[in-house]
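Everything below concerns the one structure shown next.
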DNA sequence: ATAGATGTAATAATATGTGTTACAATGGAT
DNA sequence: ATCCATTGTAACACATATTATTACATCTAT
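Protein chains in written order, with our numbering: chain A, 661 to 802; chain B, 661 to 802.
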């Protein structure tokens with residue numbers, strides 16, 4: 661079980677938008693060429709990023725740009741833009757309320773798993789697009 | 661995107677095995693009654709827990725028991741027993757190596773996501789079956 | 001031997017993720 | 001005003017993962 665490719669792809673898109681700003685028009689086809697997915701996937705993802713307020717996309721003319729500085733965009737912003745807000749783990753719906761384990765498992769285990777998810781969110785929030793962009797620029801191994 | 665019901669179900673199973681040890685024979689049908697899933701799901705999950713060395717199952721006669729104390733079984737043990745070992749996020753296979761973002765994204769983002777997964781594993785390792793069992797016993801709200 | 005139980009394969013139904021085609025709508029360029 | 005590259009979005013196809021269920025061979029205390 662793993663999270664989908666959407667966070668990595670969305671992050672890739674945002675990095676390209678910022679890196680190539682002014683140099684190339686970052687159309688869905690251009691971005692698709694870097695990420696290596698179908699342009700429609702790019703457009704769908706850009707749509708989610710636009711809904712989340714992270715990018716502005718020029719309808720008609722084409723191209724996208726960030727709405728704010730890369731230092732103010734975190735992986736958590738991107739994660740929330742492309743993933744549903746839900747529990748980290750799926751719980752069995754109707755455990756037996758006659759059983760002391762059954763009637764307590766969701767609360768007892770759920771609260772603890774909730775905290776783990778919160779840690780994950782905190783970790784994602786600590787990584788900015790700027791940090792990733794710097795790493796790409798400084799550690800580039802052509 | 662969320663993890664499957666397997667970790668919660670496996671944890672439920674282990675809690676029941678320990679809680680009802682000596683009182684009831686914890687067969688797949690008995691456990692299925694508490695978890696509210698099909699007995700075959702229980703048997704498959706018990707199979708994974710047995711492979712991981714967490715339980716012994718009495719073939720033929722029926723019933724299961726833990727191989728060690730609940731304080732020595734963590735959620736990480738259970739997680740590893742029922743989930744594949746893989747990256748937390750799925751990466752796009754072939755990003756464009758001509759693009760500075762494309763040829764660095766996997767390493768730059770991957771190493772950071774790897775750390776987040778490690779934190780999650782550490783969090784899971786910090787929660788023991790004993791802690792959960794105590795919580796079930798002490799906070800039981802019938 | 002029998003009865004109840006496990007181990008496991010096979011199948012089905014459902015959901016999710018990803019790729020693709022198609023096309024209306026947009027908006028600058030001419 | 002028209003053209004054309006582009007976006008936005010629906011529709012569909014396909015693969016994979018998850019969960020439920022049936023079936024049955026195997027096991028073991030009695």
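Yeah, the Cβ is synthetic: ideal placement off N, Cα and C, and Gly gets one too. Note that the structure is a prediction, hence the values are computed from the model and not measured.
Practice task
Please check if any C-beta of chain B sits within less than 9 Å of the C-beta of residue 662 of chain A.
Solution key: Residue 662 of chain A sits at position 2 when you count from the first residue of the first chain. So, interface residue.
Problem - Straight-line gap, residue 702 of chain B to residue 718 of chain B (C-alpha atoms, nearest Å) - result: Against the second chain, residue 702 of chain B aligns to sequence position 42. Against the second chain, residue 718 of chain B aligns to sequence position 58. Roughly 14 Å separates the two Cα atoms.
Handout entry: Buried versus exposed, by CB contacts within 10 Å (16 or more), residue 728 of chain A
Key = Start at 1 with the first residue of the first chain, and residue 728 of chain A comes out as number 68. Exposed, since its Cβ has fewer than 16 Cβ neighbours within 10 Å.
Handout entry: alpha helix (DSSP H) runs wholly inside the segment 713-790 of chain B, at least 4 long, in chain order
Key = 735-742, 765-785
Problem - Cutoff 9 Å: residue 724 of chain A Cβ touching any chain B Cβ - result: For the purposes of this step, residue 724 of chain A is identified with residue 64 of the first chain, where counting begins at 1. It does not: the Cβ of residue 724 of chain A has no partner Cβ on chain B nearer than 9 Å.
Exercise for the section: Identify each residue in the segment 664-678 of chain A for which the Cβ-Cβ distance to at least one residue of chain B is less than 7 Å, and report them in chain order. Expected result: 664, 665, 667, 668, 669, 671, 672, 675, 676
Problem - Buried or exposed by the 16-neighbour rule on C-beta atoms within 10 Å, applied to residue 798 of chain B - result: Taking the second chain and counting its residues from 1, the one referred to as residue 798 of chain B is at position 138. Classification for residue 798 of chain B: exposed.
Exercise for the section: Give the interface partners of residue 762 of chain B over in chain A, defined as CB-CB distance under 9 Å, in chain order. Expected result: As a first step, residue 762 of chain B is located in the second chain; it is residue number 102 there, counting from the start. By Cβ distance, chain A contributes 672, 676, 693, 694, 695, 696.
Practice task
Determine, using beta carbons only, whether residue 732 of chain A comes closer than 9 Å to chain B.
Solution key: What you label residue 732 of chain A is simply residue 72 of the first chain in a count that begins at 1. For residue 732 of chain A, the answer is no, since every Cβ of chain B falls outside 9 Å of its Cβ.
Practice task
Report the rounded CA-to-CA distance for residue 789 of chain A versus residue 688 of chain A, giving the unit in angstroms.
Solution key: Locating residue 789 of chain A in the first chain gives position 129, counting from the first residue. Locating residue 688 of chain A in the first chain gives position 28, counting from the first residue. Cα to Cα, residue 789 of chain A sits roughly 20 Å from residue 688 of chain A.
Practice task
Within the same chain, show all residues whose beta-carbon is closer than 6 Å to that of residue 680 of chain B, passing over the 5 residues directly before and after it, in chain order.
Solution key: As a working note, residue 680 of chain B is residue 20 in the second chain. If we look at residue 680 of chain B and ignore the five residues flanking it on each side, its Cβ neighbours are 686.
Problem - Short Cβ contact (9 Å threshold) for residue 726 of chain A with residue 677 of chain A - result: In the first chain, the residue the question calls residue 726 of chain A occupies position 66. In the first chain, the residue the question calls residue 677 of chain A occupies position 17. Yes. Within cutoff.
Exercise for the section: Return helix, strand or coil for residue 663 of chain B, following the three-state DSSP convention. Expected result: In the second chain, residue 663 of chain B corresponds to position 3, counting from 1. Here residue 663 of chain B sits in strand by DSSP.
Problem - contact_flag[the segment 698-713 of chain A, the segment 744-761 of chain A] where n(CB pairs < 8 Å) is 3 or more - result: no
Practice task
Evaluate residue 771 of chain B with the Cβ neighbour count: other Cβ atoms within 10 Å of its Cβ, from every protein chain shown; 16 or more gives buried, anything less gives exposed.
Solution key: Residue numbering aside, residue 771 of chain B sits at position 111 when the second chain is read from its first letter. With fewer than 16 other Cβ atoms within 10 Å, it is exposed.
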